[in-house]
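Structure first, then comments.
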Amino acid sequence: MATEQVRAPRQKIRIGDLLVKNGIITNEQLMSALATQKKTGGKLGNTLIELGLVTSHQFHEFLANQMGLPFIDLKHYNYKPEVVRLLPETAARRFRAMVLGEDEDRLLVGVADPTDIYAYDELAKKLKRPMNLAVVYESELLKALDTVYRRTQEIVTIAEELGEELSQGDSNLEQLLAETDVEDAPVVRLLKSLFEDAVQIGASDIHIEPDEKVLRIRQRVDGVLHEQIMKEKRIAAALVSRLKLVCGLDISERRLPQDGRFNVRVKGRSVDIRLSTMPLQYGESVVMRLLDQSSGILQLEHVGMPPALLKCFRRQLHRPHGLVLVTGPTGSGKTTTLYGALNELNSDEKKIITVEDPVEYRLPRINQVQVYPKIGLDFARVLRAGLRQDPDIVMVGEMRDKETSDIALRAAMTGHLVLSTLHTNDAVSTALRLIEMGAEGYVVASSLRAVLAQRLVRKICDNCHCADPLETNTKSWLRSYKGRINRPLEGADFKKGRGCPACNNTGYSGRIGIFELLEINFDLADALRRNDSAAFATLANQLPSFVSLSDSALLLALEGITSMDEVLRVSGQIDESLILAPEPTSPQSVEQTPKPDRS
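The sequence shown begins at 1 in UniProt numbering and counts up by one.
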């Protein structure tokens, strides 16, 4: 860390004039940016970046050079959470500042705008220590603040407060629940903190699970659950009852599962909550799926498909009729892909009807139907009625039974484009699964146009990635691999994440999709027509354009985007003989390495 104190400028720096003087932007561009800034009220730097006149890196690096300050990329900086918390969260977010390090007598503080004299003076008052400044990206700073300033301790504190209130007697729970408009009630504040923490760290689900002596609250981030244990087990009933009230469910019914839905605003974002309760031995379990409505529907080009595969998938979507299936296990991103496809197909020239359970995102112009099996409004019934509504495109949330699949297949044969999902392991087995469900082979052959199978793998954290010395069983797997990777696997440089505060010490941050697309050609359709499953599987795997899920995952690992641990997790191709196989010491032993079953 530098030993000399960096002081904030005492004169206002006109950054726009400096950018013009150094030839980075023209005077006309500056005038245009200033006019836009006057309308939006934002800062000039952000306005220039949003207008595309300068890049974020270009602007911040220029700013640091002009002021003689270091520039720090937080993606590759290992800060300590306890040091960051020396500055209160409200001040950190207000002044876009973050304490990055400390020595005996001074602090290193990263700021997004070092020209803000007022912010500098306020930070000095808050920290009460000499400061050295550094310039950081504002976007990266805000992400880091979300990671560090978790609501964990706040949740524990409120839970203790709620536990104390409930300990005064059971009648107190009824009083808490009756006060539906009291925002400062402990149970309301606890739920608010839970939702804020979940949205802050990008959780997709919140699990509330009562145990014998504790209450477990778990949040799923990037497909993995992170647990927080609370000793106040008795607050579980208050949380569950409050959530049932919000959903309009029966709070007296604790013996049967219930489903509900409600919407909350968290940090200015509209979040749709899908809630499911289930009776357990020690109370009721609640699982809430968080759907961020404010982020909008993901565009197909942002789903993560390779360009060549995306081109083929789009070609299938724009065919006038036929069945296109998206497959994979729960949580593999099927719904995101389907909504991206619907968003692309949505126009005033086409009528689109969807049959869903539940309707996850509301789309304009699209007729979305929620099924209610309890009253007989199931997939098959809605689909039959929907086909009498003169649709061009039909989306079926899931093919669950023979009746639904038969109607969907025949709709695809009679001039409709049908999109749907199916729970299968890969694209090749999907067509065969339709036949196993009772569909005639000739009907599947005439209707099915393409199958897209997908999974989600975790991405290595940009902040702490490092070389990955592979274990013996992983090396054996690579030697035995018979996929279509036209790159050398022996001695390739694979990476992993060490774990850091930015990724909550997991080594991963975010997820990306892996895909395999099977387009049905004449030979494949003929095999289906003959019910020849062996020939169908052989022909599919021989297609020059076919790239398997394992190939897709391995390509990401070779590019340093994901780790080999994630490749092995999604491939499902390791058996016990391979795990126990010793590392070969000669070419002859390599040939004797057990081959993975790729059937």
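Ideal Cβ placement from N, Cα and C applies to all residues, glycine included. All of these numbers come straight from a predicted model, not from anything done at the bench.
{"Asked": "Might you give, ordered along the chain, the residues of its own chain that have their beta carbon closer than 6 Å to the beta carbon of VAL20, omitting 5 neighbours on each side?", "Found": "ASN27 and LEU30"}
{"Asked": "From ARG14 to VAL84, what distance separates their C-alpha atoms?", "Found": "30 Å"}
{"Asked": "Is THR327 closer than 8 Å to THR421 when the C-beta atoms are compared?", "Found": "yes"}
{"Asked": "Between which residues of its own chain and ALA91 is the CB-CB distance below 8 Å, once the five residues before and five after are set aside?", "Found": "ALA97, GLU122, LEU123 and LYS126"}
{"Asked": "Please state the DSSP three-state secondary structure of ASP170.", "Found": "Here ASP170 scores only 45 on pLDDT, less than 50, and its place in the model should not be relied on; the value that follows carries that caveat. Coil, per DSSP."}
{"Asked": "Exposed or buried, PHE522, counting other C-beta atoms within 10 Å across all chains shown (16 or more means buried)?", "Found": "exposed"}
{"Asked": "For CYS503, count neighbouring C-beta atoms within 10 Å of its own C-beta (all shown protein chains included) and say buried if the count is 16 or more, exposed if not.", "Found": "buried"}
{"Asked": "Spatial neighbours of GLY283 within its chain, please: CB distance less than 6 Å, with the 5 preceding and 5 following residues excluded, ordered by chain position.", "Found": "PRO210 and ALA236"}
{"Asked": "I'd like to confirm the pairing. Which residues does DSSP put opposite SER420 in its beta bridges?", "Found": "LEU325 and VAL396"}
{"Asked": "Count Cβ pairs between the segment 338-357 and the segment 471-480 that sit closer than 8 Å; are there 3 or more?", "Found": "no"}
{"Asked": "Using DSSP's beta-bridge definition, name the partner residues of GLN258.", "Found": "THR277"}
{"Asked": "Give me the Cα-Cα distance between ASP426 and GLY376, rounded to the nearest whole angstrom.", "Found": "32 Å"}
{"Asked": "Is the CB-CB distance between ILE206 and MET288 below 8 Å?", "Found": "yes"}
{"Asked": "Can you list, in chain order, the residues of its chain with a C-beta nearer than 7 Å to that of residue 601? Leave out the 5 residues immediately preceding and following it.", "Found": "Lying outside 1 to 599, the shown extent of the chain, residue 601 is not represented and no answer is given."}
{"Asked": "Put LEU549 into one of helix, strand or coil per three-state DSSP.", "Found": "helix"}
{"Asked": "Just to check my reading of the structure: ASN132 and ARG150 have Cβ atoms closer than 8 Å, yes? What is that Cβ distance to the nearest angstrom?", "Found": "Incorrect: roughly 27 Å between the Cβ atoms, too far for contact."}
{"Asked": "Checking the sheet assignment: what are the DSSP bridge partners for LEU132?", "Found": "With the sequence shown as reference, residue 132 is identified as Asn, and Leu is not the correct amino acid for it. In DSSP, ASN132 forms a bridge with LEU108."}
{"Asked": "How big is the Cα-Cα spacing for LEU470 and ASP197?", "Found": "35 Å"}
{"Asked": "If you check the beta carbons only, do ALA450 and LEU518 fall under 8 Å apart?", "Found": "yes"}
{"Asked": "With a threshold of 6 Å on Cβ separation, who are the neighbours of GLU174 within its own chain once the five nearest residues in sequence on each side are excluded?", "Found": "At GLU174 the pLDDT is 45, less than 50, meaning the model places this residue with poor confidence and gives no usable figure here."}
{"Asked": "State yes or no: is the C-beta of ALA112 within less than 8 Å of the C-beta of LEU141?", "Found": "yes"}
{"Asked": "With a threshold of 8 Å, are at least 3 pairs of Cβ atoms found where one atom belongs to the segment 353-363 and the other to the segment 241-250?", "Found": "no"}
{"Asked": "Measure the C-alpha to C-alpha separation of LEU578 and THR474 and round it to an integer number of angstroms.", "Found": "Caution is warranted here: a pLDDT of 36 is assigned to LEU578, below 50, making its placement in the model unreliable, and no coordinate value can be reported."}
{"Asked": "Taking C-beta to C-beta, are LEU448 and SER533 nearer than 8 Å?", "Found": "no"}
{"Asked": "Could you tell me which uninterrupted beta strand (DSSP E) segments, each at least 3 residues in length, are contained entirely in the segment 344-410, listed from first to last along the chain?", "Found": "352-356, 367-370 and 393-396"}
{"Asked": "By alpha-carbon positions, which one of GLY483, GLY260, ILE49 and ARG365 ends up nearest to PRO544?", "Found": "GLY483"}
{"Asked": "Between the Cα of VAL457 and those of THR538, LEU87, VAL324 and VAL567, spot the shortest distance and give me the residue it belongs to.", "Found": "VAL567"}
{"Asked": "Let me know if GLY333 comes out buried or exposed under the rule of 16 or more other beta-carbons within 10 Å of its beta-carbon.", "Found": "buried"}
{"Asked": "Put residue 616 into one of helix, strand or coil per three-state DSSP.", "Found": "Residue 616 is absent from the structure shown; the chain starts at 1 and stops at 599."}
{"Asked": "Between PHE546 and LEU452, how many whole angstroms is the CB-CB distance? I'm expecting something under 8 Å.", "Found": "Wrong, their Cβ atoms sit about 12 Å apart, outside the cutoff."}
{"Asked": "Determine whether the beta carbon atoms of ILE208 and SER285 lie at a separation below 8 Å.", "Found": "yes"}
{"Asked": "Going straight from the alpha carbon of THR180 to that of PRO373, what length do you get?", "Found": "Low per-residue confidence applies at THR180: pLDDT is 47, beneath 50, and the placement is therefore not dependable, though the value from the model is reported in the following sentence. Those two C-alpha atoms are separated by around 31 Å."}
{"Asked": "Which residues in the same chain have their Cβ closer than 6 Å to the Cβ of ARG529, if we skip the five residues on either side of it in sequence?", "Found": "GLY441, TYR442 and ALA445"}
{"Asked": "Suppose you measure from the CA of ARG400 to the CA of VAL394; what does that come to, to the nearest Å?", "Found": "16 Å"}
{"Asked": "Rounded to whole angstroms, what's the CA-CA distance from ILE158 to THR335? Just pull it up for me.", "Found": "36 Å"}
{"Asked": "Given this structure, state the Cα-to-Cα distance separating ILE460 from LYS495, to the nearest angstrom.", "Found": "8 Å"}
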